[in-house]
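Okay, structure first, notes after.
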Amino acid sequence: MRAFYALWKKELQGYFLSPIAYVVLMFFLLLMGVSLWFLVDMLSGGMMAGGVMQTLFGESIFFWVAMLIAIPVITMRLLAEEVKLGTMEGLLTAPVAEHTVVLAKYAGALSFFVCMWLPTAAYGFIIRYFDPDATVDIGPMFTAYLGTLVIGACYVALGVLASSLTRNQVVAAVMCFALVGISFFAGFIPYISANPSVRHVAAYFSPVIHMMDFSRGVVDTRPLILYLTTTAALLFAAIQVVESGKWK
Amino acid sequence: MMVEVDHLTKCYPRKKAVDDVSFAVDSGEIVGFLGPNGAGKTTTMRMLSGYIPASGGSIRIAGIDVLRDSLAARRKIGYLPENVPLYNEMRVDEFLRFKAHLKGVPPRQCRKHVERVKELCGLTREGRRIIGHLSKGFRQRVGLADALLHSPELLILDEPTIGLDPSQIRSVRELIKELAKHHTIILSTHILPEVEITCQRVLIIHEGRIAASDTPANLRAAIQGGTRIVAELHAPREKAGPLLEQLPHVRGVKSDQREAWTHYELECATDVDLRQNVFELAVREGWKLRELSIKKTSLEDAFIRLTTGEPESREPSMDSYEV
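As you go down the protein sequences, you meet chains A and B in turn. Heads up: the first sequence begins at 1 in the numbering used here, then just goes up one per residue. Heads up: the second sequence begins at 249 in the numbering used here, then just goes up one per residue.
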């Protein structure tokens, strides 16, 4: 457990010791800021169709652009860099199990992902402050963040797996970007497919639809279980990849 | 027995890197792995450290099987990999503290152990420096400090002096000798004088096999089996040659004409010094003598013979020799 904590801390610190953290945070907050500006503009024009959280999370292209770009960037170096620098040799000859290494790195990346979203929690409260009629409900706000967390957890796990498959960070980032992108764009199949049964099945796997539900305040256990089990499966695969790397 | 290696084999797709290697290392021994590049030294050390598994055979560290009970075995080992991989963005103290936590040093003793290894490796004043800014010599020390953090019983050092300047090499060698008081050490190198100076036993490894295993002194004796007397005489060749051959213990005489002088090399049995006999002979016969010296075969000769099968060694020398 102590080794896990040490690795987690080193990983989270690592983000802030390199420029990655600041670049990602800056552009992420820029995107979300623009998103907020659009929202405020719509609110003041009286053109709001759905709830505030739906505009900020579920229906916002900014949300998805941020996910698509930030996650590959924060996960690409996790394992690939260790292998490339040779520091993996130091880690795997220390008395630490392979799964501890992978899980601690995952926890570090996920913690950074949470840190990245934390400042945006202020948005809801800012709007509530200026609009005492309370267009923002606490409930949907909470569930929107829950949705972001479980979907993010799943994509970060995907990034860890991509990073374990190569020693080149750029390859890892491209791999993760492509897979997260496929998962996102496949989320539109329920809207565009001509076949009703395809539409029906695809709706169960659509992160776009899930995120819309979460931001409306709907907590469906099915997507929760889908994302949590997928996360577990991806991490299990990443651990296997790291272990098998020794056998080459 | 600290290390028991039994019929160890490692196969790569196109190559057998280590081929049926068996050896044992006692507690407190310093054993040197010697061999040209690509002989299988690093592969063997990686298998010992548990980083890569063997294709066949077994390794036991202090009675623990490296493959079956990997974590327990790793606790006994301090390993310095060949290229000393370190996190360049961390500070020395930060890195050592991180590694101490990772290796399960109790939190309250972390500071104590970090200070201890820093002092051992001469890093007390470098604690605040960023690893990426350190010179090669200091990086090597940080790697060594890392290997020592959890006071392992066995130290595995893969080419600990590679890429260092001569004074750094000397200080690392002295450090290794110092460490030998409390640890069992296996180190690899392709620099011959290094093992002659630091190791009690040498394993010469060649093409994945152990070509020889003995003390540096015995290896030297076993290969050459003798000493050589060099003499340069101003004497009639047809007379001097046979007379020199008649001296006791002489196995053979080689001569080489250098203008008026003749350069003789006398091959003799081990541990005899014929210089006095040669001098007396020269005095008796009225020859002039301008050089008289004794040469012992260096480990380098042994090494070259074992790894290339060359029958006759070149000029014996004590210079460092890199393959």
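Built from N, CA and C at the ideal position, the CB exists for glycine as well.
| Check | Outcome |
| --- | --- |
| E367/B - DSSP class collapsed to helix/strand/coil | helix |
| Helix, strand or coil at Q240/A according to DSSP, with G and I counted as helix | helix |
| Under 8 angstroms between C-beta atoms of V253/B and I307/B | yes |
| Residues bridged to Y204/A (per DSSP) | Its beta-bridge partners do not exist; DSSP assigns none. |
| Per DSSP, cross-strand counterpart(s) of E404/B | Inspection of the sequence shows that residue 404/B is occupied by Ile rather than by Glu. For I404/B, which the question treats as bridged, DSSP gives the partners Y327/B, I434/B. |
| CB contact flag (A287/B, I453/B, <8 angstroms) | yes |
| Pairwise C-alpha distance: I309/B and A320/B | 9 angstroms |
| Residue-level contact to chain B via CB, A97/A, 8 angstroms cutoff | yes |
| Under 9 angstroms (Cβ pairs) to chain B, residues found in the stretch 56-89 of chain A | E82, L85, G86, T87, M88, E89 |
| Beta carbon proximity, R2/A to chain B, threshold 8 angstroms | yes |
| For G152/A, the first and last residue of its enclosing alpha helix (DSSP H) | 138-164 |
| Helix, strand or coil at V266/B according to DSSP, with G and I counted as helix | strand |
| Proximity below 8 angstroms, CB of F113/A to CB of G152/A | yes |
| Alpha-carbon spacing of A66/A relative to V83/A, whole angstroms | 28 angstroms |
| The stretch 3-30 of chain A: positions lying closer than 9 angstroms to chain B by Cβ | A3, Y5, A6, L7, K9, K10, Q13, G14, L17, S18 |
| Expected contact under 8 angstroms - CB spacing of G375/B and V332/B to nearest Å | 18 angstroms between Cβ atoms; not a contact. |
| Contact list for the stretch 290-302 of chain B against chain A, Cβ threshold 8 angstroms | R294, S297, G298, Y299, I300, P301 |
| Partners in chain B for T93/A, counting only beta-carbon separations shorter than 8 angstroms | S297, G298, Y299, R322, I325, Y327, P329 |
| Alpha-carbon spacing of K487/B relative to C516/B, whole angstroms | 20 angstroms |
| Rounded distance between the beta-carbons of M249/B and D274/B, thought under 8 angstroms | 6 angstroms |
| L296/B versus V314/B - alpha carbon distance | 7 angstroms |
| Pair within 8 angstroms by beta-carbon distance, G352/B and R2/A | yes |
| Contact under 8 angstroms by Cβ, V102/A with V24/A | no |
| Beta-carbon proximity check, L435/B vs I424/B, cutoff 8 angstroms | yes |
| Nonlocal neighbours in the same chain, by C-beta distance under 7 angstroms from I477/B, ignoring five residues either side | L514, C516, L522, R523, V526, I542 |
| Euclidean distance between Cα positions of F188/A and G181/A | 11 angstroms |
| Buried versus exposed call for W64/A [16 or more other C-beta atoms within 10 Å across all chains shown] | buried |
| Extent of the continuous beta strand (DSSP E) run through R499/B | 498-506 |
| Segment limits, alpha helix (DSSP H) that includes W37/A | 19-45 |
| Rounded straight-line distance, which links the Cα of H482/B to that of Q494/B | 18 angstroms |
| Proximity of T143/A and F214/A at Cβ, strictly below 8 angstroms | yes |
| Pair within 8 angstroms by beta-carbon distance, E337/B and S18/A | yes |
| Listed by chain order, chain A residues near Y335/B by CB distance under 7 angstroms | T87 |
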